[in-house]
Amino acid sequence: MKLMRILLAAILGAACVSDVSAQENPGAKTVKAIRFGKLWDGKGKLWTSAIVIVEGDRIRNVTTDASAIPPGAEVIDLSKYTGLPGLIDVHTHMTMYTDETPGEPMLKQLTSNPPAVEVFLARKGAMRTLEAGVTTVRDLGADQYMDIAMRDLINRGEMIGPRMFVCGYGLYITNTPYKPGLNAPAGGIADGVPEVLKSVRQQIAAGVDVIKMYASTGTDDDVTGSQTYNYDEIKAAVDAAHKFGKKIAIHSYGPDGARDAVRAGTDSLEHATDMDDATIQEMVKRGTFYVPTIDHNRYYVDNGDKIGYAPGYKEKLQAFIPRNLETARKAFKAGVKFAMGSDAIYTMFGQNTRELGWFVKAGMTPEQALHTATTNAAELLGKEGELGAVAPGYFADLVAVDGDPLADVNVVLTNVKWVMKGGSVTIDKPRTTTAH
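Residue numbers for the sequence shown follow our numbering, beginning at 13 and rising by one.
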């Protein structure tokens with residue numbers, strides 16, 4: 013016992029010396045200087061020969077003066093590449109990851125995996141998301157609070173993945189038949205204003221960052237958009253979320269749920285197609301964010317057989333995509349604010365930024381499209397002072413791409429070479445380091 017106490021004292025003493033040393037020389041091992049040939053900072057400036065000084069998980073300085081690099085800093089030479097802020101995907105389903113197991117539909121994999129297995133498998137999708145240059149996501153729907161577990165594991169450093177803002181259970185109307193006997197209530201089901209209020213409060217109590225509500229039918233190979241919640245129910249959810257200081261995202265494939273969601277004051281509208289001019293103008297007036305998620309239906313067309321959709325899904329989805337794109341084009345022309353959301357699920361992780369290509373088709377310049385995944389998305393999250401730009405005080409989320417993304421947005425889709433999240437390099441293909 014005495015020997016153990018001596019050993020423990022020695023260990024604690026060494027730890028104290030280490031702590032004192034770190035305090036005497038703060039940032040000695042955490043200061044990095046990243047050199048970019050070009051840097052689009054998200055705030056309207058394109059830098060040439062930029063140097064980003066990073067200390068810990070934050071950006072200390074952005075400069076072109078090499079003499080500003082602190083002595084002893086680790087220099088990362090990415091001068092062959094263009095730097096961007098870490099990208100933000102505001103509509104994912106990170107815990108709903110599946111592999112392409114031959115002969116086993118992806119839908120069946122999701123329903124057969126226990127929660128612990130699903131969270132463990134989700135690390136693969138998380139890495140693929142980082143590889144796409146996406147360092148932050150807003151995750152809009154998971155079962156059994158797996159999203160909260162995944163968020164917290166990432167924040168604790170136990171899992172590598174993007175920074176997550178999660179909603180727990182999305183709210184939806186009863187959609188199962190009565191079953192005799194004792195049945196535990198399913199998470200998220202809420203009918204009528206009192207139940208909507210209760211469900212919002214349950215998500216808040218669980219520790220979510222944002223509230224999600226399904227105000228219409230439509231998901232996977234179902235492209236119907238029938239309104240499911242009335243205005244009073246939607247308004248109750250919006251007001252309750254805002255009372256607790258949370259933002260709310262409302263799903264509506266069709267125009268009716270979208271109209272009432274916007275009137276009720278939703279912070280973002282997901283998917284909505286065929287919106288009328290009055291709804292679009294109301295979105296402009298209120299500053300409602302539109303997250304059209306056009307590309308996820310392309311993904312379903314390409315992978316429906318593997319997912320396990322019923323015959324006829326391709327025709328339905330292929331008819332829906334042009335309507336979705338046309339609504340986005342109308343909304344953008346009218347001045348609606350957009351945020352990039354992929355609706356990534358199954359094996360779509362890593363394809364998150366393909367939505368930017370659709371935004372360019374809808375009339376945006378590449379730079380305007382990039383804003384949807386940086387400054388606009390950060391504003392939607394309420395993190396415009398910390399995310400979505402390369403500036404002092406912001407999180408050190410940086411991406412290097414090969415090419416000029418302001419001339420061709422496809423550079424972002426296909427040529428990500430290096431990614432830093434919170435000061436840590438997570439994806440590193442060309443990295444060259446030197447001592448300064």
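Backbone N, C-alpha and C define an ideal beta-carbon position, used for all residues, glycine too.
{"Item": "My output table needs one value for Q35: the three-state DSSP class, helix, strand or coil.", "Value": "Confidence in Q35 is poor, its pLDDT being 37 and thus under 50, which makes the residue's placement too unreliable to answer from."}
{"Item": "Check the C-beta distance from L281 over to N309 and give it rounded, since I have them as a contact under 8 angstroms.", "Value": "Actually they do not touch by this definition, with Cβ atoms about 17 angstroms apart."}
{"Item": "Taking all protein chains shown into account, decide if A212 is buried (16 or more other Cβ within 10 angstroms of its Cβ) or exposed.", "Value": "Position check: residue 212 holds Val in this sequence, whereas Ala was assumed. V212 should be labelled buried."}
{"Item": "Could you give the C-beta distance for I333 and Y358, rounded to a whole number, given that I count them as a contact under 8 angstroms?", "Value": "The Cβ separation is near 18 angstroms, so there is no contact."}
{"Item": "Could you check if R150 is buried or exposed, using at least 16 other CB atoms within 10 Å of its CB as the buried criterion?", "Value": "buried"}
{"Item": "Would you be able to state if there are at least three C-beta pairs under 8 angstroms between the segment 369-384 and the segment 341-354?", "Value": "yes"}
{"Item": "Using only alpha-carbon positions, find the residue among I172, M118, A161 and L165 that is nearest to L142.", "Value": "I172"}
{"Item": "Could you tell me if L122 is buried or exposed, where buried requires 16 or more neighbouring beta carbons within 10 angstroms of its beta carbon?", "Value": "buried"}
{"Item": "State yes or no: is the C-beta of G54 nearer than 7 angstroms to some heavy atom of the ligand ATP?", "Value": "The model on display carries no ligand, and the ligand ATP is accordingly not part of it."}
{"Item": "Between the segment 58-77 and the segment 400-409, are three or more C-beta pairs nearer than 8 angstroms?", "Value": "yes"}
{"Item": "Give me the Cβ distance between Y109 and D232, rounded to the nearest whole Å; I'm assuming they're in contact under 8 angstroms.", "Value": "Incorrect: roughly 15 angstroms between the Cβ atoms, too far for contact."}
{"Item": "Tell me whether N364 is buried or exposed, calling it buried when 16 or more other Cβ atoms sit within 10 Å of its Cβ.", "Value": "buried"}
{"Item": "Taking just the CA atoms, how far does Q156 sit from A144?", "Value": "27 angstroms"}
{"Item": "Count the other CB atoms within 10 Å of the CB of Y226; is the residue buried (16 or more) or exposed (fewer)?", "Value": "buried"}
{"Item": "What residue does the beta strand (DSSP E) around P97 start on, and which one ends it?", "Value": "E86 to P97"}
{"Item": "Go to S280, then tell me how far its alpha helix (DSSP H) extends in each direction, as first and last residue.", "Value": "Here S280 belongs to no alpha helix (DSSP H); instead the beta strand (DSSP E) covers S280 to E282."}
{"Item": "Express the C-alpha separation of R275 and G316 in angstroms, rounding to a whole number.", "Value": "35 angstroms"}
{"Item": "For the segment 250-267 against the segment 293-300, are there 3 or more C-beta pairs whose distance is under 8 angstroms?", "Value": "no"}
{"Item": "I need the DSSP call for M139, collapsed to helix, strand or coil.", "Value": "helix"}
{"Item": "Quick one: grab the DSSP three-state call for N364.", "Value": "helix"}
{"Item": "Do you know how far the Cα of H383 is from the Cα of L418?", "Value": "11 angstroms"}
{"Item": "Whole angstroms are fine: how far does the CA of I185 sit from the CA of T229?", "Value": "10 angstroms"}
{"Item": "Per DSSP, N239 is paired with what?", "Value": "It is worth fixing the name first, because residue 239 is Gln in this sequence and not Asn. Answer is S228, bridged to Q239."}
{"Item": "Taking the alpha-carbon positions, what's the A331 to G169 distance?", "Value": "43 angstroms"}
{"Item": "Reducing DSSP to helix, strand and coil, say where M432 ends up.", "Value": "strand"}
{"Item": "How many angstroms separate the CA atom of G39 from the CA atom of E379?", "Value": "Confidence at G39 is low in this model, with a pLDDT of 39, below 50, so the placement of that residue should be treated as unreliable; the coordinate-derived value is given next. Going by the C-alpha atoms only, they are around 34 angstroms apart."}
{"Item": "Which residue's Cα is closest to the Cα of D111: V303, D288, P82 and F361?", "Value": "F361"}
{"Item": "Tell me, please, whether the segment 88-95 touches the segment 52-68 by the rule of three or more beta-carbon pairs shorter than 8 angstroms.", "Value": "yes"}
{"Item": "Where does N167 land, buried or exposed, given buried means 16+ other C-beta within 10 angstroms?", "Value": "exposed"}
{"Item": "Excluding the five sequence neighbours on either side, which residues of its own chain have a C-beta within less than 8 angstroms of the C-beta of P189, listed in chain order?", "Value": "none"}
{"Item": "Tell me which residues share the same chain as V500 and place their Cβ nearer than 7 angstroms to its Cβ, disregarding the 5 neighbours each side in the sequence.", "Value": "In the structure as shown, the chain starts at 13 and stops at 448, and residue 500 therefore has no counterpart that could be examined."}
{"Item": "Could you check what DSSP says for R168 in three-state terms: helix, strand or coil?", "Value": "coil"}
{"Item": "Identify every run of the beta strand (DSSP E) within the segment 244-307, keeping only runs that are complete inside it and at least 3 residues long; order them along the chain.", "Value": "259-263, 280-282 and 301-303"}
{"Item": "Among E367, M176, A284 and M352, whose alpha-carbon lies nearest the alpha-carbon of S238?", "Value": "A284"}
{"Item": "Alpha carbon to alpha carbon, how far is T104 from T113? Give it in angstroms, no decimals.", "Value": "22 angstroms"}
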